[in-house]
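**Q** Position one of the sequence shown corresponds to residue 1460 (the numbering used here), numbered consecutively onward.
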Amino acid sequence: MRAPAKRHLGAPPFTGSISAIGFSMSQTSLSAIRQTLEQGLTPVFLELEDESHKHAGHAGVSHQLKGAEHREDGGVTHLRVRVVATDFTGKSRIERHRIVNGLLQGEIAKGLHAIAIEAKAPGE
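#1: Could you work out which residue in 1500, 1491, 1492 is closest to residue 1447 when comparing CA atoms only?
#2: Answer yes or no: do residue 1542 and residue 1502 have a C-beta to C-beta separation smaller than 8 angstroms?
#3: Is it buried or exposed for residue 1568, if we count other Cβ within 10 angstroms and need 16 for buried?
#4: Could you compute how far the alpha carbon of residue 1539 sits from the alpha carbon of residue 1497?
#5: Using a Cβ-Cβ cut-off of 6 angstroms (strictly less than) and excluding sequence neighbours within five positions of residue 1488, which residues of its own chain qualify?
#6: Can you round the beta-carbon distance between residue 1575 and residue 1555 to whole angstroms, since I take them to be within the 8 angstroms contact cut?
#7: Classify residue 1492 as buried or exposed, calling it buried when 16 or more other Cβ atoms lie within 10 Å of its own Cβ.
#8: Alpha carbon to alpha carbon, how far is residue 1544 from residue 1437? Give it in angstroms, no decimals.
#9: Please name the residue, chosen from 1563, 1582, 1505, that lies closest to residue 1549 on a Cα-to-Cα basis.
#10: Which value, in whole angstroms, describes the spacing of the CA atoms of residue 1561 and residue 1504?
#11: Grab me the residues of residue 1580's own chain with a C-beta within less than 6 angstroms of its C-beta, minus the 5 sequence neighbours each way, in chain order.
#12: Looking only at its own chain, which residues have a Cβ that is under 6 angstroms from the Cβ of residue 1506, when we skip the five neighbours before and after it?
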């Protein structure tokens, strides 16, 4: 019999400045993500939004903020991607998401664990 799942009741309040946490590291990670997507696709529009700060009280991110090992480089854990690319023409929404997720496997392995994807073909 499996042990009952532990309920996460929230991390203790964070008292530091979220905007000061690894700003340059986050930007470096966003730059790496942008470069990966630009090389893997041919985007006519690409917008990346680091939403990690919106999840500062969540289990995974709270470990990062406390300095425990979560994402070694202090980079993005929650990301919103808005992309328009010819690569998506004729592809279903699921296929488009698989393409983006496939390109970001390196970042996922480093700790990126939430990606909101808005992927469209030109003209949509």
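C-beta atoms are modelled at their ideal positions from N, C-alpha and C, and glycine is treated no differently.
**A** Here's the rundown:
#1: Outside the displayed range of the chain (1460 to 1583) lies residue 1447, so it cannot be described from this structure.
#2: Yes, they are a contact pair.
#3: Residue 1568 is exposed by the Cβ-count criterion.
#4: Spanning the alpha carbons of residue 1539 and residue 1497 requires a straight line of approximately 15 angstroms.
#5: If we look at residue 1488 and ignore the five residues flanking it on each side, its Cβ neighbours are 1534, 1535.
#6: A Cβ-Cβ distance of about 13 angstroms is found for the pair residue 1575 and residue 1555, leaving them out of contact under the 8 angstroms criterion.
#7: Here residue 1492 is buried. Its C-beta has 16 or more other C-beta atoms within 10 Å.
#8: As displayed, the chain neither begins before 1460 nor continues past 1583, which places residue 1437 out of reach and without an answer.
#9: That would be 1582, whose Cα lies nearest to the Cα of residue 1549.
#10: Spanning the two alpha carbons is a distance of roughly 19 angstroms.
#11: Apart from the 5 residues on each side of it in sequence, residue 1580 sits with its Cβ closer than 6 angstroms to the Cβ of 1547, 1548 in its chain, given in chain order.
#12: 1541, listed in sequence order.
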